[in-house]
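What follows is a single structure, written as structure tokens, with notes after it.
2 protein chains.
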Amino acid sequence: MLGSLIGDPARANMLTALMSGKALTASELAAEAGVTLQTASSHLSKLESAALIFRRKQGRHNYFALAGDEVGSVLEAMMGLAAKHGLTRTRTGPKDPALRKARVCYDHLAGELGVRMFDSLRARDFLAGPDDRLVLTDAGTTFISEFGVDPEQLKSPRRPLCKPCLDWSARRTHLAGILGAAMLQRVYELGWAARLTDTRIIEFSSTGERNFLNQFTTA
Amino acid sequence: MLGSLIGDPARANMLTALMSGKALTASELAAEAGVTLQTASSHLSKLESAALIFRRKQGRHNYFALAGDEVGSVLEAMMGLAAKHGLTRTRTGPKDPALRKARVCYDHLAGELGVRMFDSLRARDFLAGPDDRLVLTDAGTTFISEFGVDPEQLKSPRRPLCKPCLDWSARRTHLAGILGAAMLQRVYELGWAARLTDTRIIEFSSTGERNFLNQFTTA
DNA sequence: CGGATGCTTCGATTATGATCGAAGTATGAA
DNA sequence: TTCATACTTCGATCATAATCGAAGCATCCG
Numbered sequence: 021m022l023g024s025l026i027g028d029p030a031r032a033n034m035l036t037a038l039m040s041g042k043a044l045t046a047s048e049l050a051a052e053a054g055v056t057l058q059t060a061s062s063h064l065s066k067l068e069s070a071a072l073i074f075r076r077k078q079g080r081h082n083y084f085a086l087a088g089d090e091v092g093s094v095l096e097a098m099m100g101l102a103a104k105h106g107l108t109r110t111r112t113g114p115k116d117p118a119l120r121k122a123r124v125c126y127d128h129l130a131g132e133l134g135v136r137m138f139d140s141l142r143a144r145d146f147l148a149g150p151d152d153r154l155v156l157t158d159a160g161t162t163f164i165s166e167f168g169v170d171p172e173q174l175k176s177p178r179r180p181l182c183k184p185c186l187d188w189s190a191r192r193t194h195l196a197g198i199l200g201a202a203m204l205q206r207v208y209e210l211g212w213a214a215r216l217t218d219t220r221i222i223e224f225s226s227t228g229e230r231n232f233l234n235q236f237t238t239a
Numbered sequence: 021m022l023g024s025l026i027g028d029p030a031r032a033n034m035l036t037a038l039m040s041g042k043a044l045t046a047s048e049l050a051a052e053a054g055v056t057l058q059t060a061s062s063h064l065s066k067l068e069s070a071a072l073i074f075r076r077k078q079g080r081h082n083y084f085a086l087a088g089d090e091v092g093s094v095l096e097a098m099m100g101l102a103a104k105h106g107l108t109r110t111r112t113g114p115k116d117p118a119l120r121k122a123r124v125c126y127d128h129l130a131g132e133l134g135v136r137m138f139d140s141l142r143a144r145d146f147l148a149g150p151d152d153r154l155v156l157t158d159a160g161t162t163f164i165s166e167f168g169v170d171p172e173q174l175k176s177p178r179r180p181l182c183k184p185c186l187d188w189s190a191r192r193t194h195l196a197g198i199l200g201a202a203m204l205q206r207v208y209e210l211g212w213a214a215r216l217t218d219t220r221i222i223e224f225s226s227t228g229e230r231n232f233l234n235q236f237t238t239a
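Quick note, the sequences are listed as chains A and B, same order. Numbering follows our numbering, in which position 57 of the first sequence is assigned residue number 77; successive positions increment by one, without gaps. Numbering follows our numbering, in which position 130 of the second sequence is assigned residue number 150; successive positions increment by one, without gaps.
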């Protein structure tokens with residue numbers, strides 16, 4: 021059944037990664053999904069059997085890609101509806117504590133710290149409006165400016181400024197959109213954290229984490 | 021997660037029944053799904069929490085319906101893909117012959133007649149390009165103008181003009197996008213067909229259907 | 001050739017969620 | 001008012017499938 025195939029978070033994350041249009045190896049997809057290679061292999065076999073993806077073997081590398089535009093289109097429609105309705109994933113996210121704590125989701129911060137940031141911005145009225153129409157308040161604009169994010173660089177006709185993104189591990193919302201991406205970039209610039217190579221883990225230094233928690237207080 | 025919500029067979033069967041556009045009671049939906057009333061109730065609660073359906077209580081009866089045309093559209097796309105890939109456990113498309121023939125998919129024509137329109141436009145080179153980049157040809161622009169659709173009103177920065185949409189019942193493509201919606205509106209204006217109240221069925225008069233088949237010939 | 005890397009397959013573990021019996025509440029009808 | 005019907009909620013049961021360690025196969029590279 022298509023729904024249950026896509027409904028598994030690990031498979032959903034792999035399909036999401038493949039929606040970029042790039043062909044990825046099993047190892048890369050395992051990292052995207054935050055599962056072991058054997059688990060990923062098992063999932064990929066199911067997706068392939070369902071003709072949602074196809075594989076191309078190059079030596080010892082297996083490259084996987086979405087089977088066609090129709091697949092991508094349906095996935096996109098589903099994600100759009102899911103995003104609009106703020107649907108909760110049933111899995112609680114990856115086992116790896118580091119991934120649970122802070123990781124890359126597309127291009128913004130996810131995990132407990134990602135949720136923390138969102139909650140903080142919400143609690144302090146830096147973000148306002150219902151989840152499907154989040155806006156940055158004047159106070160919020162001031163806040164991010166002082167944090168080092170230039171509001172002027174956030175304008176884009178094609179991508180929302182603020183967008184809630186349902187966090188896989190925390191079952192709550194973290195901040196996506198242009199602002200989410202810019203905030204993560206700023207965290208990198210400040211040297212508070214860095215992305216571990218070939219994973220989605222974002223590793224904070226102890227000082228960086230302390231600074232982050234202070235900056236994005238929920239008290 | 022949307023996928024897993026829809027992926028459960030009982031829920032899938034209930035959603036399928038609701039795609040007719042009619043509101044059904046919990047008891048009716050339990051029968052559709054082949055589960056007890058208490059199980060159905062539990063499932064319906066989940067679907068309602070996910071805003072995929074809404075309920076209307078009339079005395080002791082609870083009527084459930086899909087939350088909107090958008091939900092129906094996504095479900096239809098999923099089912100179309102599932103059917104095409106042989107992933108479905110149930111019959112392809114609705115059992116109601118009227119729904120199979122012509123129904124609303126979001127805001128455009130689906131079903132056999134919807135596929136017929138698309139095939140016709142394709143066969144006569146009114147639409148060109150690969151499916152992910154469909155464009156209206158000059159001949160096509162002339163054709164739709166003569167049909168009574170104003171090309172100037174079709175411009176939108178936010179929505180594609182032509183877009184293929186996988187048809188649930190026919191396992192083939194029907195036309196979505198602005199043009200698809202405009203064409204359906206025109207069919208209504210011409211009095212060839214009308215949407216049945218409280219359903220997604222589009223009912224053609226015999227004259228209307230004859231005219232439609234002539235207009236969108238595949239010969 | 002031997003060791004490293006990429007990946008598949010097997011099998012045991014366990015978290016998850018569908019399921020239904022039981023019980024309770026709300027509404028309708030006689 | 002009593003009984004029937006529609007539906008919700010609770011909780012125990014258990015089937016399912018995701019998960020990863022272990023092992024094996026295929027390919028690459030020094």
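C-beta: ideal position from N, C-alpha, C; glycine also.
Let me confirm a value: A:Asp139 is counted as buried when at least 16 other C-beta atoms fall within 10 Å, else exposed. Which label applies? One-based indexing of the first sequence puts residue 139 of chain A at position 119. The Cβ neighbour count for A:Asp139, taken over all protein chains shown within 10 Å, is at least 16; the residue is labelled buried.
Span of the alpha helix (DSSP H), counted from its first residue to its last, around B:Ala201: The residue given as residue 201 of chain B occupies position 181 in the second sequence. For B:Ala201, the uninterrupted alpha helix (DSSP H) segment begins and ends at 197 to 209.
Can you tell me which of A:Leu64, A:Asp170, A:Trp212, A:Ile221 puts its alpha carbon nearest to the alpha carbon of A:Ala202? Mapped onto the first sequence, residue 202 of chain A falls at position 182. When only C-alpha atoms are compared, the closest one is A:Asp170.
Pairwise C-alpha distance: B:Arg31 and A:Ala214: Counting from one through the first sequence, the residue named residue 214 of chain A turns up at place 194. Counting from one through the second sequence, the residue named residue 31 of chain B turns up at place 11. C-alpha separation (whole angstroms): 43 Å.
My understanding is that A:Ala85 touches A:Ile73, with C-beta atoms under 8 Å, so please give their C-beta distance in whole angstroms. Here the question's residue 85 of chain A lines up with position 65 in the first sequence. Here the question's residue 73 of chain A lines up with position 53 in the first sequence. With a beta-carbon spacing of about 6 Å, A:Ala85 and A:Ile73 fall inside the 8 Å limit used to define contacts.
Give every residue of the same chain whose Cβ lies closer than 6 Å to the Cβ of B:Gly228, excluding the five residues on either side of it in the sequence, and list them in chain order. Residue mapping note: residue 228 of chain B aligns to position 208 of the second sequence, counting from 1. Counting only Cβ-Cβ distances below 6 Å, and skipping sequence neighbours, we find Trp212, Ala213.
Are the beta-carbon atoms belonging to A:Met98 and B:Gly23 less than 8 Å from one another? As a working note, residue 98 of chain A is residue 78 in the first sequence. As a working note, residue 23 of chain B is residue 3 in the second sequence. Yes, they are a contact pair.
Beta carbon proximity, B:Ser24 to chain A, threshold 8 Å: Stepping through the second sequence from its first residue, residue 24 of chain B is reached at position 4. So, interface residue.
Would B:Ser308 and B:Arg230 qualify as a contact pair, given that the criterion is a beta-carbon distance under 8 Å? No answer is possible for residue 308 of chain B: the residues shown for chain B start at 21 and end at 239.
Against chain B, does A:Glu90 count as a neighbour if the rule is that its beta carbon must be under 8 Å from one of theirs? As a working mapping, residue 90 of chain A is identified with position 70 in the first sequence. Answer yes: the Cβ-Cβ gap between A:Glu90 and chain B drops below 8 Å somewhere.
Given that B:His63 touches chain A, what residues does it touch there, using C-beta distances under 8 Å? For this step, residue 63 of chain B is matched to residue 43 along the second sequence. Within chain A, no residue comes near B:His63; the closest Cβ sits about 13 Å away, beyond 8 Å.
Any Cβ of chain A within less than 8 Å of the Cβ of B:Arg111? Here residue 111 of chain B is taken as the residue at index 91 of the second sequence, counted from 1. Unreliable placement is indicated for B:Arg111, whose pLDDT of 49 sits below 50; the coordinate value is still reported in the next sentence. Chain A contact via Cβ: absent.
Over the uninterrupted alpha helix (DSSP H) stretch that includes B:Glu52, give me the two end residues. Mapped onto the second sequence, residue 52 of chain B falls at position 32. Segment 46 to 53, the alpha helix (DSSP H) holding B:Glu52.
Cα separation between B:Val91 and B:Gly197? Taking the second sequence and counting its residues from 1, the one referred to as residue 91 of chain B is at position 71. Taking the second sequence and counting its residues from 1, the one referred to as residue 197 of chain B is at position 177. Between B:Val91 and B:Gly197, the C-alpha separation is close to 16 Å.
Could you please give the first and the last residue of the uninterrupted beta strand (DSSP E) stretch that includes B:Ala130? Walking along the second sequence from the start, residue 130 of chain B turns up at place 110. First-last of the beta strand (DSSP E) with B:Ala130: 128 to 130.
Give a single yes or no on whether A:Arg80 has its beta carbon closer than 7 Å to a heavy atom of the ligand PLP. Absent from the structure shown: the ligand PLP. Ligands present: none.
Apart from the five residues on each side of it in sequence, which residues of its chain come closer than 6 Å, Cβ to Cβ, to A:His63? The residue labelled residue 63 of chain A in the question sits at position 43 within the first sequence. Counting only Cβ-Cβ distances below 6 Å, and skipping sequence neighbours, we find Ala30, Arg31.
Measuring alpha carbon to alpha carbon, tell me which of B:Leu129, B:Gly54, B:Arg136 ends up nearest B:Val207. Numbered from its first residue, the second sequence carries residue 207 of chain B at position 187. Among B:Leu129, B:Gly54, B:Arg136, the Cα nearest to that of B:Val207 belongs to B:Leu129.
Helix, strand or coil: how does DSSP classify B:Ala122 here? Sequence index remark: in the second sequence, residue 122 of chain B carries index 102 (1-based). Coil at B:Ala122, not helix or strand.
Length of the line joining the Cα atoms of A:Lys115 and A:Gly54: Taking the first residue of the first sequence as position 1, residue 115 of chain A is located at position 95. Taking the first residue of the first sequence as position 1, residue 54 of chain A is located at position 34. Residue confidence for A:Lys115 is low, a pLDDT of 48 falling below 50, so the modelled location carries little weight and cannot support an answer.
For chain A, check one thing: does any of its Cβ atoms lie closer than 8 Å to the Cβ of B:Gly27? For this step, residue 27 of chain B is matched to residue 7 along the second sequence. It does: the Cβ of B:Gly27 has a partner Cβ on chain A nearer than 8 Å.
Environment of A:Gly168 [buried if 16+ CB atoms lie within 10 Å]: Translated into positions along the first sequence, residue 168 of chain A becomes position 148. Flag for A:Gly168 reads exposed.
Sequence-distant residues of its chain with Cβ nearer than 8 Å to B:Leu210 (five each side left out): Along the second sequence, read from residue 1 onward, the residue named residue 210 of chain B stands at position 190. Excluding the 5 residues flanking it on each side, B:Leu210 has same chain C-beta neighbours closer than 8 Å at Gly168, Gly228, Asn231, in chain order.
Relative to the C-alpha of A:Gly134, which candidate in A:Glu223, A:Ile26, A:Ser93, A:Thr36 has its C-alpha closest? Here residue 134 of chain A corresponds to residue number 114 of the first sequence, with the count starting at 1. Among A:Glu223, A:Ile26, A:Ser93, A:Thr36, the Cα nearest to that of A:Gly134 is on A:Glu223.
At the 8 Å Cβ level, is B:Met137 part of the contact set with chain A, yes or no? Reading the second sequence from its first residue, position 117 is the one you call residue 137 of chain B. Not one chain A Cβ lies under 8 Å of B:Met137.
Are any of the Cβ atoms in chain A nearer than 8 Å to that of B:Asp38? Here residue 38 of chain B refers to the residue found at position 18 of the second sequence. Before going on, a small fix: residue 38 of chain B reads as Leu here, not Asp. No - not a single Cβ of chain A is within 8 Å of the one on B:Leu38.
8 Å CB neighbourhood of A:Gln173 in its chain, flanking five on each side removed: The residue given as residue 173 of chain A occupies position 153 in the first sequence. Around A:Gln173, the same chain offers Ala202 as residues with beta carbons nearer than 8 Å, after the five sequence neighbours per side are excluded.
Whole-angstrom Cβ separation of A:Glu52 and A:Asn33, contact assumed at under 8 Å? If you number the first sequence from 1, residue 52 of chain A lands on position 32. If you number the first sequence from 1, residue 33 of chain A lands on position 13. With 8 Å as the limit, A:Glu52 and A:Asn33 qualify as a contact, their Cβ atoms being about 5 Å apart.
What residue range is occupied by the uninterrupted alpha helix (DSSP H) comprising A:Leu233? Along the first sequence, read from residue 1 onward, the residue named residue 233 of chain A stands at position 213. Note, A:Leu233: alpha helix (DSSP H), 226 to 235.
Which residues mark the beginning and the end of the alpha helix (DSSP H) in which B:Ile26 is found? Against the second sequence, residue 26 of chain B aligns to sequence position 6. DSSP places B:Ile26 inside the alpha helix (DSSP H), whose first and last residues are 22 to 27.
Using the Cβ count rule (16 or more neighbours within 10 Å means buried), how would you classify B:Leu156? Numbered from its first residue, the second sequence carries residue 156 of chain B at position 136. So B:Leu156 ends up on the buried side.
Cβ-based neighbour list, B:Thr110, same chain, cut-off 6 Å, excluding 5 preceding and 5 following: Within the second sequence, residue 110 of chain B is the residue found at index 90, counting from 1. Note that B:Thr110 scores a pLDDT of 49, beneath 50, so its modelled location is shaky; the value from the coordinates is reported in the next line. Correct list: empty, nothing qualifies.
Inspect the beta-carbon positions of A:Leu195 and A:Leu141 and report whether they are closer than 8 Å. Start at 1 with the first residue of the first sequence, and residue 195 of chain A comes out as number 175. Start at 1 with the first residue of the first sequence, and residue 141 of chain A comes out as number 121. Result yes, Cβ atoms of A:Leu195 and A:Leu141 sit closer than 8 Å.
Just to confirm the assignment, what range does the beta strand (DSSP E) spanning A:Ala214 have? The count along the first sequence starts at 1 and reaches residue 214 of chain A at position 194. 213 to 215 is the extent of the beta strand (DSSP E) around A:Ala214.
Can you pull the chain A residues whose beta carbon is under 8 Å from the beta carbon of B:Leu101, in chain order? For this step, residue 101 of chain B is matched to residue 81 along the second sequence. Here the neighbours are Leu22, Glu90, Val91, Val94.
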